[in-house]
Every structure is written in C-alpha cells, then in structure tokens.
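Under this note's numbering, read the sequence shown as residues 543 to 1480, first letter to last.
For every residue, glycine included, the Cβ atom is placed at its ideal position computed from N, Cα and C.
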Amino acid sequence: MFSTEMSLFLSYILVISTFGQASYDHYRLPQTLQPQHYNLRILTHLEDEDRLSFSGEVEIELRVLQPTSNITLHAGSRLQMTSNRTNLYYMDENGNKKKIGVRAVERNSKYDYYILVLGKVLEPRQNYALYIQFFASFGGGMSGYYASSYKDQNSNKTRYLSVTQFEPAYARTAFPCFDEPAFKATFNITLGHPTKYVALSNMPISKKIPMSGRKNWLWTIFEQTLPMSSYLVCYSVNDFAGLTSRNDFSVEFTTWARASAIAQCKYAAEIGPRLLDHYERMFEIDYPLPKVDQLAVPDFSAGAMENWGLITYREAALFYAPEASSEVDKQRVANIIAHELAHQWFGNLVTMKWWNDLWLNEGFATYVATLGMQKLCSKWHAYAEESLENMMIVLNSDAYYSTRAVSQTVSRASQFAEQFDPITYRKGAVIIRMMHMFIGDTTFRNGLNCYLKRHAYSNADQSDLWRSLSDAAHKFGSFPKYLDVQTVMDTWTLQAGYPLITVHRDYSRNTISINQRRFLMHGLDKTMEKDNFFSKECWFVPISYASRSMANFTATEPRVWLQCDSQGKDIPLEVQSPLGAKEDQWLILNVQLTAPFRVNYDTINWKLIIKTLQGGDFRRIHTMNRAQLIDDALALSWNGYLCYKLTLDLLRYIKQEHAYMPWRAALDHLAAIYRIMKQSPDFAVFQPQHFMNDLLSPIYDYLGGMETEANGRCRHHHIAHKTLINQWACRLALYDCVECAVQYYHRWFISNDPDLANPVPQNLRSVVYCAALRQGDESDWNFLWQRYSNATVASERRLILQALGCTQIEFVIRRYLKIIFDENSSIRKQDISLAFGAIARSDIGFPLAKDYFMNNFSLLTKSFESNYRELAALLLQITRHISSPHDYGALKMFIDCHKKLQKLATRTVRHAVELAQVNLHWRQKQQAQFTRCLKDHY
C-alpha cells in the first residue's frame, strides 16, 4: 500500500551499507529479473528556490526469470533511500502480498547499482513487488529530474518548473529502476504538486485528488502507459500555458510553453499534427497513444527529446515568431519536430536492445524527417539538401583515425553519451538512404512495416532490421540473389570510415577498373598510417553511374557492386566500358550521392568533367553530383591524392553556378583553407582582390547582394543560399556588403524603441549583426548585448549570442568570455557552446578563446559540474582552428596535464588532437602547392 504522505523532511535513515564495490561487477544488469510494471509517485518542491527537491516512492512488480538471492537495479548516487521503507513482497495469484526479508543493501557507485541481498532464493516464474522510498535535491545540471526557471515578464520574478531528461541513463537519478532499454515495463505515474501548477506526463490525466494534510496541493494521476523503456519516461510540473492544435485527427495534440511565449508555438502546433498524420500513413501503423504533448523547456541540454507522448524541446527548437524569426528558423523548427515524431515509431514503439544500436533510433529519425519535410514542405527542398548536408558532414567527420563504427561495443556509462554524435545521426541517416535507394521504395516501406510490427512494444538490434528488409527484398525481387541486406550493411555499420573509390579507364581496351581503400584526411602521409591496418577494410559498394551520352541522373539503382571476399578483402572490379571507344565521354559515379564514398578518376576523365562543367551545358550533371565533384576534388587535393591545379580548374566553373548545393560544398572546404592561410603570409593571394573576389562576385550579384524586396524578403527566396554568400562577402569585406550591413544596423541603433521595431530584414540578421559588430566599436557591442537581454524571441537570442562573438575588439572579447562562463550570467548553460564557438571562429577571437579555455580549465570544470564531455566539446571548437606548430604544442601540453579529460572524453579528445594534426599536415605539405596554383590562376 502506498503511503499518503511524502516529504523531504521525513526522518530518513540512509542505506549506506556498502558504497564500495558490490559483489556483482558487470556493466549490464543481471538477466534474472524482468520488471513488469512501476507504480511511481513523485512529490515535487518548487516553492523555495533554496530547497528545490523531490521525494517519492516506487513499487516495481517483478517477474523472476532465473533463481536469484539478489535484486540488482539502478539508483544514482544523489538518490537517497530509507532503510526501513525498502521492502520486498511475494505476490500470489490472488494479489496477496507476503513480506520477504532483506538481509543487507549494497550500493555500487561504479555502475550505479542498488543491490538487495535477500534471505531466500527467488524462484522462477514467480512475481514479487519491490517497494522503495527515496528523495533528492535538484542538481544544477540538465539531466535526470531537474529544475529549470524563467523570468516572468510581468512580475520580474523567477518562476521554477521541473522536467525530466532520462536519455541515455538518467532515469536512475530520479527513481530506482531497471535503467536499460531492454527492460520495458508499463508505468502508473502520479505527481504531487501545488494546485497552481500543471502536471504533465507520458499519458493523459486520469484524475486529480486533493492532497490530504497539504492545503492547495493535489495528486495528478495519469493513465497507465504502454510498455516502454525507462529512458522514455517523462514528467513535468510547471505553470505553463497550453495551445491545443485544431485538427480532425484522433490524437489530441497540445503544445506547452511559458505564457508570455505561447504565441511563438503556433507554427509548431500546426505542423506537428500534419507530420504525425503523414507518418501514420507512411508506416501504415497508427500512433498508439491518445495524445502528444510538446513542451518548450527554458533549460534543456539537447535540441529535443522524443519521450513517448510528452516530447520536450529547447525553446529555440520549438518557437517561431513570424515577425522576428527567419525562414531558416522556421525550417529548423519543422525539421526538429519531424525528427522527434519519427521517433514515436523508431525508438519508442521499437527500441534498440542496447546502446550500440542507438543509430536504429537516431539514424532513422534523421532520415525519415527528410521524407516528411519533403512531403509537407516541398518548397524547402529538404530531402535533397538535408541529404547532401548529412553526406558532407559524414565524409568530413568520418575520415579520421579517431572515428568509430556506427554500431560498436558500449560497455560503460560514459560511452552512452559518446554515441550521440554525427556518426549515429548523420551516418546512420546516410546509410539508410543508401539502402532505400538500392532496395527500392516498395521494398523499403514493406520491410519497415514488417520490422515495426514484428518488434512493436519490444526491442530489436540491427540484425532484426536486416532480416525484415531481406524478407521484403526477396518477396519483391528487388535485390540481387547472390547478396543479402545484412552482408552489405554490416560492412557499413560494423567498421569505421568509408571508402575512396578509384576509377581508372583504359581508353584503348574500353575497360574500367574500380578499386577501393579507406579514405583518410591524413592522405598520403605514410608516417601516420598504423601498420597498414586500414588497408584491410572493405565495403560492399553499390555503383551507379552516368555519362555524357547517358546523362540519366534519376537512375540511382546500382549497375554493379564492388564486393568483398570471404576474408573481408576487396575484390577489384574490371568491367567493359559502357561508353565504347568514345574518348570524349565523361563518367561520373554515385548518382545523386546515393552512398557515402569519395571518387577519384584518372586525369583524362577529370579533364573531361572539367570541360563539361566549364561549358554551357554543365546543368546536364545533376546538382547533387556537381556538389559531389567539388567536395571530392577539394578533399582529394587536401590530402594529396589530386593536384590542386586540376581542382582549381574545376572550381572555376562555379562562377556560373546559381544552385545552392555546389556553393555549400565549395565554401565548406574553402573555410578550412581560409582558417589556415589567414595565419600565414600567403593569405594575400587568397584574400578579396584575388581568388575569393573572382569566385564570389557573380553569385553575389545574381542573388541581389544585400538587397531585399519591398516586404523585406530576400530576392530569389533561397534564404540559406543568400545568407551563405553574404556571410562570406561581408567576412572578406567584398563589394557593398559591409556598407549595407552597417547601414541596416545603424538604423536599428538610432531607432526610438529598438526592442519593439527592428528594421533589419529577418532573413539577413545573422549577416548584418555579425558584419556590423566586426566593423563596430564598443557601443555597438553594448547595444546588441542589451537587445539580447531584452529579447523575448528564442531564435533572436540565439542569433545575437553568435553575433556578439564577431567583434574584433580584444578587451570586449575578453569581457564576453567572462560573461559566458559566469554562473550568474543571463546566458544559459545550454548556450555556452554556441557563444564560445562564435568567438573561436573569429580571427581575433580564436587565440583569446584558446588561452581562456586552457588557463581557466579548473574554473570551467566547476562551472560544468565536471561534465568532461561538454568541456571536450569546447576544446574541439578550438582545435578546428589550430594549424601552427606552436599552438599544436600548447594543445598537447594541455591535454597531457589533464589526464581526467582524456579518460572521461577519450574519443572527443583524440579527435580534437587529430583535427589539429591534419591542419598542421596540410600547412606543411599542401599549402605551398595550393599557393603556387592560386598565383598561376589569378
């Protein structure tokens, strides 16, 4: 029976029998018990800001699978339990309970285990009930069950709320539980709180009951959940306003936010139900819950979290204000909502068995979101552009020794968080798209439907997915009989990196030879290879192609496969050329970038491609493949596989290119070169009067420069493209870009009420703010800082934080760095990385950010509550800009002096060092060649 009163101030007798190493020493829970159901009751105290806390009790119904004399579950170190209120009961078939003695309790801090040593052996197929009382203070972080706050605009008082963030392994810090994804169970959740607050959880409210003995308090009782993993449990106590979506769907859809900002949720409330309806039709499986709540949280570490029935978001990820937000902001909101709603099937309905297969959740949600966006918001060209962005990020982030496989062993809690990276999200999405392309849409949809139905309310691993897709492929005959999906896909998920495909055409014999080897940014520097280990890697690669005479760029299905033998070694492929004896025919592999690999051609073929690109019919080559050619050529030249003369010859065509994607590919690579050359005397060849001026001038004019239409909207309506080009033009002080930006900013500066009326066009604000501060003085910076303090639109605050880092005034940057890391600052912890990164990216700010981080690391450790993963992420922002031997030496010395950072954020630190090594290598090995070629061309 549950008690009727709970309070933090009860006389708890803490269970501290053993905080050392308990007898059970393994990172996974024993498989002796299966939780069936949780009755969870939480009392939340938000009235006194000095005593923010919660107390609770949980009853877990257990099914015994194997004989055991111990019960081992999770409970975080902050969670305090009572000795006389931890009880175990045997439950007979009639529901009667009989108490079982607990001899001792142990706590294993290494794995967060809470272990009950029993006086008898629990027998298989029997049911038991474990009852535990607990309490904890809210910590200062943004995980587990934590407190957030906001400033009420009317009263200027701080309002507090509580919310959960349990992924990947923080449910254990909120209540004792079996905190692994495979331990699915149902939950009955009850929240105790003052009547002035709203209580939310995964399911709709069943009833509300006044709390006995507490005036103006009540219990909010929720309906029972479906079987789900502990990390998807969610609850919140807040004083928010709700916006109910008006739609004809059976699912109730409500969006919650602080009352003063609820109007910014209208777009989210409109697009969310439409996306949910689209997914129901796409997967042919109804959303199984009666409601969806979307909750905008002021302090939130992730962008959003897919908790079943109660999705939580960072405010900037959910808010859109038509009068202040840009079109890019609107697209970002839609994309994040599309991602989280896709999780309701991929992650919630079917959940990975263990964290090594997190990509089954995140990769699918990332890819499926692009399909949903393309269907509902086709004007944004989301499918093509998001696919290209994912591909470029993968090709650039997965080309290092420090990368990892998509699916890999995860054996400790610190590794859980490391899985939330571009490999899981982006590469997961890229290889799913590749698979979608080579098995076909009908097979893909049928296979996914089978997978979701087979494993609904349960767990799966990647082999379960391959099995469902192979069954569908055989049913529809859409895949070669000599291959199966698992054989192909395991080569992409179980090994790190991706291949470089080398194509050599024998023009006399009319044959094409195709080979593979791993692509690495270190390139041809043999001193960095490790015992030729990577030469053993091999992938099953779908090869599609187009040519001048067969320029069919819609035929994305593979013509041939590059395969591996039984020992996992590549089998070189030689095929008869489909081009015959025509030596004027170019050949391009990987139509529409269906698979993640780079291609290097023989010199004749490169020259044939370049000739076509420089001619008037370059648009015969698909836009994505034009981006691919630029991306590959610049990457291959970076690491020495291709001479810069050929690459710059190819790049010259871009002066007649109007499409966004090729420009995005080019400028991403040129940004890396710019950062290095800016620190060297050779920058004079790169700067405006020469190379960049020649490239950017035509596209700047075509997009209308900084001009807008009468209604303030940008010409040509591709906002991301116009923003990208103008950012570069103002950064390099080209044309009238800076002059126009300063004029816009000055008009705002002298306006009577700058917080009410902003004359800067919404879609140009990121360009204008940064350019104006780059040219401005301290008063310009102070003006924008005041606008940040007064701003009520989340996207505007985010934009201003980044622009404040653009100033070139050294003492202002130093002051800004102190503000960023001041725990009493109005900059929230979730935005520290955003603001710090903006400083690190600027020419003046980089050395100041580097020195501040290294000289104040002990202080930062306290500020981040020893969250070394977040600290390592800040280090990564610095090392992207390191390219000199002096800075590299300082980096190595810093890391050598901070062993704990290396230990707790191993992969991030290794990647940070490797980024600096790659930059240094380019500066020493390739910069001279690049500079010579620039001088020859310009």
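- At the C-beta level, Leu630 and Leu607 stay beyond 8 Å of one another.
- Contact between Thr737 and Trp759 is confirmed by a C-beta separation of about 7 Å, below the 8 Å threshold.
- Ser949 and Asp1107 have their alpha carbons spaced roughly 22 Å apart.
- Taken atom to atom, the span from the alpha-carbon of Asp940 to that of Met1234 is near 28 Å.
- If you draw a straight line from the Cα of Lys1441 to the Cα of Ala1470, it is about 36 Å long.
- DSSP, reduced to helix, strand and coil, places Ala880 within a helical segment of the structure shown.
- Every unbroken stretch of the alpha helix (DSSP H) spanning 4 or more residues and falling wholly within the segment 1156–1209 is given here in chain order: 1165–1180, 1186–1193.
- In the pairwise beta carbon analysis, the segment 821–832 is classified as not touching the segment 1348–1358: fewer than three pairs are separated by under 8 Å.
- Where Leu860 is concerned, the enclosing alpha helix (DSSP H) starts and stops at 857–860.
- The beta carbons of Phe980 and Pro1084 sit closer together than 8 Å.
- DSSP places Lys921 within a helical segment (H, G or I) once states are collapsed to three.
- In the three-state scheme derived from DSSP, where H, G and I count as helix and E and B as strand, Arg1140 is classed as strand.
- When rounded, the separation of the alpha-carbon atoms in Trp1464 and Gly914 is 40 Å.
- Pairing Arg874 with Ser868, the inter-Cα distance amounts to about 10 Å.
- Between Gln1004 and Phe906, the alpha-carbon positions lie close to 12 Å from each other.
- By the neighbour-count criterion, in which 16 or more other beta carbons inside 10 Å mark a residue as buried, Phe1353 falls on the exposed side.
- The beta carbon of Tyr1244 lies closer than 7 Å to those of His1200 in the same chain, with the five residues before and after it left out.
- Judged by DSSP secondary structure, Val779 falls outside any alpha helix (DSSP H) and instead within the beta strand (DSSP E) spanning 777–780.
- Taking C-alpha positions only, Ala1414 is separated from Ala858 by approximately 24 Å.
- In summary, Ala646 is exposed, with fewer than 16 beta-carbon neighbours lying within 10 Å of its beta-carbon over all protein chains present.
- One thing to note: Ala811 has its Cβ no nearer than 8 Å to the Cβ of Ser843.
- As the crow flies, the alpha-carbon of Arg1340 is around 8 Å from that of Asp1373.
- Contact between Ser1425 and Ile1218 holds, with the beta-carbon distance rounding to 4 Å and staying under 8 Å.
- The criterion of a C-beta distance shorter than 8 Å is not satisfied by Ile1261 and Val839.
- Under the three-state reduction of DSSP output, Gly814 falls in the helix class.
- DSSP, reduced to helix, strand and coil, places Met770 within a strand of the structure shown.
- The Cβ atoms of Tyr569 and Arg946 lie no closer than 8 Å to each other.
- The alpha-carbon separation between Glu1456 and Leu1192 amounts to approximately 29 Å.
- Between the segment 963–981 and the segment 1095–1105 there are three or more C-beta pairs closer than 8 Å, enough to call the two in contact.
- Here DSSP, grouped into helix, strand and coil, assigns Phe729 to strand.
- By the beta-carbon neighbour count (other beta carbons within 10 angstroms, threshold 16), Ala741 is buried.
- When Cβ pairs closer than 8 Å are counted between the two stretches, the segment 845–859 is seen not to touch the segment 721–735, the count staying below three.
- The residues Arg1449, in chain order, have a CB closer than 6 Å to that of Glu960 in the same chain once the five nearest residues on each side in sequence are set aside.
- Spanning the alpha carbons of Tyr809 and Lys1392 requires a straight line of approximately 40 Å.
- Membership of Val659 in any alpha helix (DSSP H) is not indicated; the residue belongs instead to the beta strand (DSSP E) covering 655–664.
- Per DSSP, reduced to three states, the secondary structure at Asn669 is strand.
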